[in-house]
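Peer 1:
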Amino acid sequence: MRTIGALIFPGFELLDVFGPMEMFGLLSKDYELNLIAEHKGAIPSGQKLAAVADHSISDRSGFDILFIPGGAGTRREVENPHLLTWIEKTAYHAEFVLSVCTGSALLAKTGILDNKHATTNKAAFKVVSQGPKVNWVRQARWIEDGKTLTSSGVSAGMDMSLGAISIMHGIERARKVAMWSEYDWHEDSNWDPFAKVHGLV
């Protein structure tokens, strides 16, 4: 069983976290899901609905999969050295590192994405894509580069998560998860109409 550490912080995007956790959670024998934050307790999302972090970053840093969502709160957390140090340490030891939406800004700030291909929310692309050593991809639903997978905005996290499941368990298993959740999975990681909408291509 692989452990997933899903980071949450004030202003995280709800679907960034819970869409992907639904996908992984449907394989309950394969994944243990954990919500972790800088401090334990209720953490308000960008939509004001709170989620409870059972672990603090002081308690735990060892996860097989590190999961970083986006949301308005990332604009503050990119200046949080305590959190960034934890992300860097945890990512180094993780088997896989996943980010959704503007969560890639946190990974970029730590240097984890240096010399890798990555993507992010297309509406926020020009703001987020500041890591000078990151090969930012303007049009992609999600990007896999080594052990890092980064995705475009919000709902793209579910497509990326199914892509990650296909890497770990095969594409037929990922298709079953999509079927169980009645989700129309965009299997093509290059599918990205939003890049054109936001003038990136």
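So for the sequence shown, this note's numbering puts the first residue at 1; every next one is plus one. Where a beta carbon is used, it is the ideal one built from N, C-alpha and C, also for glycine. Every value quoted in this text rests on a predicted model; they were computed, and no experiment measured them.
(1) Would isoleucine 87 and leucine 106 qualify as a contact pair, given that the criterion is a beta-carbon distance under 7 angstroms?
(2) If you draw a straight line from the alpha carbon of serine 61 to that of methionine 23, how long is it in whole angstroms?
(3) Identify every residue that forms a DSSP beta bridge with histidine 117.
(4) Can you tell which of His198, Ile4, Ser166 and Asn121 has its C-alpha closest to the C-alpha of valine 97?
(5) Measure the Cβ-Cβ separation of histidine 55 and asparagine 34 and say whether it is below 7 angstroms.
(6) Fully enclosed by the segment 121-185, which beta strand (DSSP E) runs are 3 residues long or longer?
(7) How far does the alpha helix (DSSP H) with glutamate 32 in it reach, from first residue to last?
(8) Going by Cα to Cα distance, which pick from Thr102, Leu66, Ser58 and His93 is closest to alanine 72?
(9) Assuming contact is defined by CB atoms lying nearer than 7 angstroms, are aspartate 16 and valine 100 in contact in what I supplied?
(10) Please classify alanine 42: is it buried, with 16 or more other beta-carbons within 10 angstroms of its beta-carbon, or exposed?
(11) Nearest to glycine 131 by alpha carbon, out of Gly163, Ser104 and Lys196?
(12) Mind checking methionine 1: buried by the 16 CB within 10 Å criterion, or exposed?
(13) For the beta strand (DSSP E) holding proline 44, just list the boundary residues, first then last.
(14) Let me know the beta strand (DSSP E) ranges lying completely inside the segment 58-114, each 3 residues or longer, listed in chain order.
(15) For lysine 89, which option in Ile57, Val78 and Arg75 has the closest C-alpha, if you only look at C-alpha atoms?
Peer 2: A quick look at the data gives this:
(1) yes
(2) 23 angstroms
(3) Asn135
(4) Ile4
(5) yes
(6) 142-145 and 148-151
(7) First-last for glutamate 32: 31-37, but that is the beta strand (DSSP E), not the alpha helix (DSSP H).
(8) Thr102
(9) yes
(10) exposed
(11) Ser104
(12) exposed
(13) 41-44
(14) 65-68 and 96-99
(15) Ile57
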